[in-house]
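**Q** Right, I'll just put the structure down here and ask away after.
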Amino acid sequence: MRTPFSCHRDSLGKRCLFVILPRMSMLLRFRPRTLQSIVRFAKRCSHDEVKLCYRENTYHDEKADRMFIYCSTFLWMWISYHFINNYDMLLGHSVHPDRKTFTDSELGVADVNI
Numbered sequence: 106m107r108t109p110f111s112c113h114r115d116s117l118g119k120r121c122l123f124v125i126l127p128r129m130s131m132l133l134r135f136r137p138r139t140l141q142s143i144v145r146f147a148k149r150c151s152h153d154e155v156k157l158c159y160r161e162n163t164y165h166d167e168k169a170d171r172m173f174i175y176c177s178t179f180l181w182m183w184i185s186y187h188f189i190n191n192y193d194m195l196l197g198h199s200v201h202p203d204r205k206t207f208t209d210s211e212l213g214v215a216d217v218n219i
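The numbers in my numbering rise by one with no breaks, and the one at position 3 of the sequence shown is 108.
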């Protein structure tokens, strides 16, 4: 009687514990190149420095970081101020004028008193 852990020969004639293991190793050899480079890059990094990225990180200087903070602060301040005080401009809904304030000449209606 065969147990799942007994040694036997697979279709290639190799002696192994499981038939699945050699087939999985064959599949892992034919990975796409991008996956291989990501795995290779992740293996090169030490455990102290955790970075899993496809490309190299770009490190900005302190001046660029400060400029980004100032610009983003100004942008969100402008959006917040206008949402509170002038939301009609941002949403595109303007107040409709009263119909009774228009005169006949503004509406293009001819004079009735002829």
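Yeah, the Cβ is synthetic: ideal placement off N, Cα and C, and Gly gets one too.
If you're wondering where the values come from, they're calculated on a predicted model, not measured in any experiment.
Is it the case that the Cβ atoms of D209 and D203 are separated by a distance below 9 Å?
**A** For the purposes of this step, residue 209 is taken as the residue at position 104 of the sequence shown. For the purposes of this step, residue 203 is taken as the residue at position 98 of the sequence shown. No; because the gap between Cβ atoms is not below 9 Å, this pair is not in contact.
**Q** For E211 and L180, what's the separation of their Cα atoms in angstroms?
**A** Locating residue 211 in the sequence shown gives position 106, where the first residue counts as 1. Locating residue 180 in the sequence shown gives position 75, where the first residue counts as 1. Going from the Cα of E211 to the Cα of L180 covers about 41 Å.
**Q** Tell me the DSSP secondary structure of S199 in three-state form.
**A** Sequence index remark: in the sequence shown, residue 199 carries index 94 (1-based). S199 falls in the coil class under three-state DSSP.
**Q** Does DSSP put N190 in a helix, a strand or coil?
**A** What you label residue 190 is simply residue 85 of the sequence shown in a count that begins at 1. DSSP places N190 in helix when its eight states are reduced to three.
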